[in-house]
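All remarks here apply to the structure that follows.
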Amino acid sequence: MRLTQEQDELRSALRSLLTRHQRHAAWAPLTTQIGAAGLAVPEEYGGAGGGARDVHVLMEELGRSLSPLPCLGSSVLTVGALLASGDKEACGRLLPGLAEGSSVGTLAWAERGSWDQEAIRAEALARPGGGWLITGTKEYVLDWSGVAVLLVAARTADGVSLFEVAPDAPGVRREPVVTMDETRGQARWMLDGAEGRLLGVNGEGGRCLEHVRDLACTALAAEQVGAAGHCLELTVEYTRNRVQFGRPIGSFQAVKHRLADAYVLVESARSAALGAAFAADRDPGALPRAAAVAKSVCSEAFSAVAGEMIQLHGGIGITWEHDAHRYFKRAHGAGELFGPAAHHRARLAAGLGLTTH
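So the sequence shown is numbered by my numbering: it starts at 4 and just counts up by one.
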């Protein structure tokens, strides 16, 4: 599995831009100069018409720099949900702004600590004169200041459905959440009789969410690989320069073994993440399994490599002056996002007709 020359060039452009523009300041040049927000948006809606492999390159570079930008919540979750809904009117109205980055979206989905649709208790009631009124609380919503597009998963008499809700509508309240990982904003959204517009077919939201979860896990796996790979790069460089007992600590056999194990974890995770991206583009039927594998493998690899980064950096690895603790926190936050590794292994086993104990 190899990326194209164009995707390699995209990686170089992204890395160069993210090096020059740090954190939130990178959003404007990333969207205007590279069109990163619209990589997976079809050309008819103003996007680049790319696929999951293009998103893989983007997310890997964002993970490498611990970027706080809203690509996962807006360019993956929101865009993916709109396209999966099949609602042409909503896509034509919302996707152009999302593709150019002039508007940012988020998907309010999880409840009670779970992204499984069985956990959804938010309720949508049909109004006699048309429209829907939605009541419920959504957790772990990926956050960005000035969210313009809010999609909400809620349950109707026909099942789980997707709705578009104005973020500033009456009955809608956003509450920022303090997270361990300060590089990824999250919020809790509370809806109390908020007016919503149905997206797609009533009762088909569960099918859309299953697909969006696979896309999200695929994109997040790429981010985890990028971050884990950079952790390894920084640690190798440190062990080359840190001298103890008159020699670089990287020359000690025990340290070499730990770095070699970390390298195997990163490369195995990279293969799993790329496999999911290729499945999304070329073999959608294989995507659910590939996404579950990628999320499980990449979550555990990133956590392990980030832990080794702190251990091999010694005392400086737990100070505010070094980024090691930030990668460690991102590793654990990302590991829980969209479900922990064990959940996805169970999902994979169920899909294969196996039982877990």
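Yeah, the Cβ is synthetic: ideal placement off N, Cα and C, and Gly gets one too.
In this text, all values refer to a predicted model and were calculated from it rather than measured experimentally.
Taking Cβ to Cβ, would you say Ala231 is nearer than 7 angstroms to Val269?
-> In the sequence shown, residue 231 corresponds to position 228, counting from 1. In the sequence shown, residue 269 corresponds to position 266, counting from 1. Yes, they are a contact pair.
Excluding five sequence neighbours on each side, which residues of the same chain lie with their C-beta closer than 7 angstroms to the C-beta of Gly288?
-> Within the sequence shown, residue 288 is the residue found at index 285, counting from 1. Excluding residues within five positions, none has a Cβ falling inside 7 angstroms.
Length of the line joining the Cα atoms of Leu75 and Arg250 | The residue you call residue 75 lines up with position 72 of the sequence shown. The residue you call residue 250 lines up with position 247 of the sequence shown. Going by the C-alpha atoms only, they are around 43 angstroms apart.
Around the C-beta of Ala111, are 16 or more other C-beta atoms found within 10 angstroms, so that it is buried, or is it exposed?
-> In the sequence shown, the residue the question calls residue 111 occupies position 108. Buried is the label assigned to Ala111, since at least 16 other Cβ atoms lie within 10 Å of its Cβ.
On the three-pair Cβ rule with 8 angstroms, is the stretch 78–92 touching the stretch 226–241?
-> Touching, no.
Does the distance from the CB of Ala309 to the CB of Cys234 come in under 7 angstroms?
-> To locate residue 309, count along the sequence shown from 1; it is residue 306. To locate residue 234, count along the sequence shown from 1; it is residue 231. Yes.
Is there contact between the stretch 333–349 and the stretch 297–309, where contact requires at least three CB pairs shorter than 8 angstroms?
-> Taking 8 angstroms as the limit for Cβ pairs, the verdict is that the stretch 297–309 does touch the stretch 333–349.
From which residue to which residue does the beta strand (DSSP E) around Leu128 run?
-> Here the question's residue 128 lines up with position 125 in the sequence shown. Counting along the chain, the unbroken beta strand (DSSP E) around Leu128 starts and ends at Glu126 to Ala129.
Looking at the unbroken alpha helix (DSSP H) that takes in Val181, where does it start and where does it end?
-> The count along the sequence shown starts at 1 and reaches residue 181 at position 178. In the DSSP assignment, Val181 falls outside any alpha helix (DSSP H) and carries neither an H nor an E.
Enumerate in chain order the residues of its own chain whose CB-to-CB distance from Cys301 is below 7 angstroms, with the five nearest sequence positions on each side excluded.
-> The sequence position of residue 301 within the sequence shown is 298, counting from 1. Closer than 7 angstroms at Cβ, skipping near neighbours: Ala224, Gln227, Val228, Ala272, Ala275 and Ala276.
Measure from the alpha carbon of Ala29 to the alpha carbon of each residue in Gly50, Ser68, Ala43 and Met4, then state which is nearest.
-> Translated into the one-based positions of the sequence shown, residue 29 becomes position 26. When only C-alpha atoms are compared, the closest one is Ser68.
What is the rounded straight-line gap between the Cα of Leu17 and the Cα of Ile123?
-> Looking up residue 17 in the sequence shown gives position 14. Looking up residue 123 in the sequence shown gives position 120. The alpha-carbon of Leu17 is positioned some 37 angstroms away from that of Ile123.
So who's on the other strand from Met193, going by DSSP bridges?
-> As a position in the sequence shown, residue 193 is number 190, starting the count at 1. Beta-bridge pairing links Met193 to Thr140 and Arg176.
Enumerate in chain order the residues of its own chain whose CB-to-CB distance from Pro71 is below 8 angstroms, with the five nearest sequence positions on each side excluded.
-> The sequence position of residue 71 within the sequence shown is 68, counting from 1. Excluding sequence positions up to five before and after Pro71, its CB lies within less than 8 angstroms of the CB of Arg26, His27, Thr186, Arg187 and Gly188, all in the same chain and listed in chain order.
How many Å lie between Asp119 and Asp326 at the Cα?
-> Residue numbering aside, residue 119 sits at position 116 when the sequence shown is read from its first letter. Residue numbering aside, residue 326 sits at position 323 when the sequence shown is read from its first letter. Looking at the two C-alpha atoms, the distance is approximately 33 angstroms.
N-terminal and C-terminal residue of the beta strand (DSSP E) that Glu167 is part of | As a position in the sequence shown, residue 167 is number 164, starting the count at 1. Glu167: member of the beta strand (DSSP E) spanning Gly162 to Val168, first to last residue.
Given Lys259, which residues of its chain have a CB within under 8 angstroms of its CB, disregarding the five upstream and five downstream residues?
-> As a first step, residue 259 is located in the sequence shown; it is residue number 256 there, counting from the start. The beta carbon of Lys259 sits closer than 8 angstroms to those of Gly253, all from its chain and outside the five residues before and after it, given in chain order.
Complete alpha helix (DSSP H) runs within the stretch 44–99 (minimum length 4 residues, chain order) = Entirely contained in the stretch 44–99, the alpha helix (DSSP H) runs reaching 4 residues are, in chain order, 55–67 and 82–88.
Pick from Asp184, Gln8 and Gly278 that is closest to Arg333, judged by C-alpha positions = Translated into positions along the sequence shown, residue 333 becomes position 330. Of the candidates Asp184, Gln8 and Gly278, the one whose C-alpha sits nearest the C-alpha of Arg333 is Asp184.
Look at the Cβ atom of Val175, then the Cβ atom of Leu194, and state whether they are nearer than 7 angstroms.
-> Residue 175 sits at position 172 when you count from the first residue of the sequence shown. Residue 194 sits at position 191 when you count from the first residue of the sequence shown. The Cβ-Cβ distance between Val175 and Leu194 falls below 7 angstroms.
Could you tell me if Ala345 is buried or exposed, where buried requires 16 or more neighbouring beta carbons within 10 angstroms of its beta carbon?
-> If you number the sequence shown from 1, residue 345 lands on position 342. The residue is exposed, with fewer than 16 neighbouring Cβ atoms inside 10 Å.
Please name the residue in Ala43, Ala263, Asn205 and Leu315 whose C-alpha comes closest to that of Asn244.
-> For this step, residue 244 is matched to residue 241 along the sequence shown. Nearest option by C-alpha distance: Leu315.
Drop a sphere of 10 angstroms on the beta-carbon of Gly320, count the other beta-carbons inside from all chains shown, and report buried for 16 or more, exposed for fewer.
-> Within the sequence shown, residue 320 is the residue found at index 317, counting from 1. It counts as buried.
Is the CB-CB distance between Leu80 and Ala219 below 7 angstroms?
-> Translated into positions along the sequence shown, residue 80 becomes position 77. Translated into positions along the sequence shown, residue 219 becomes position 216. In this structure, the beta-carbon distance from Leu80 to Ala219 falls below 7 angstroms.
Assuming Arg177 contacts Ala127 under a Cβ cut-off of 8 angstroms, what Cβ separation, rounded to an integer in Å, is found between them?
-> The residue given as residue 177 occupies position 174 in the sequence shown. The residue given as residue 127 occupies position 124 in the sequence shown. In fact, because the Cβ distance is near 19 angstroms, the residues do not count as touching under 8 angstroms.
Are there 16 or more other CB atoms within 10 angstroms of the CB of Gly116, so buried, or fewer, so exposed?
-> As a working mapping, residue 116 is identified with position 113 in the sequence shown. Gly116 is exposed by the Cβ-count criterion.
May I ask you to list the residues that DSSP assigns as paired with Trp135?
-> Here the question's residue 135 lines up with position 132 in the sequence shown. Its beta-bridge partners are Ala129 and Gly199.
Identify whether Ser117 lies in helix, strand or coil by the three-state DSSP scheme.
-> The residue given as residue 117 occupies position 114 in the sequence shown. The answer is strand: DSSP assigns Ser117 an E or B state.
What is the rounded straight-line gap between the Cα of Leu153 and the Cα of Phe331?
-> Here residue 153 refers to the residue found at position 150 when the sequence shown is read from its first residue. Here residue 331 refers to the residue found at position 328 when the sequence shown is read from its first residue. Inter-residue distance for Leu153 and Phe331 is about 30 angstroms (C-alpha atoms, whole angstroms).
In whole angstroms, what is the alpha-carbon distance linking Pro291 and Lys298?
-> To locate residue 291, count along the sequence shown from 1; it is residue 288. To locate residue 298, count along the sequence shown from 1; it is residue 295. Cα-Cα distance, rounded: 11 angstroms.
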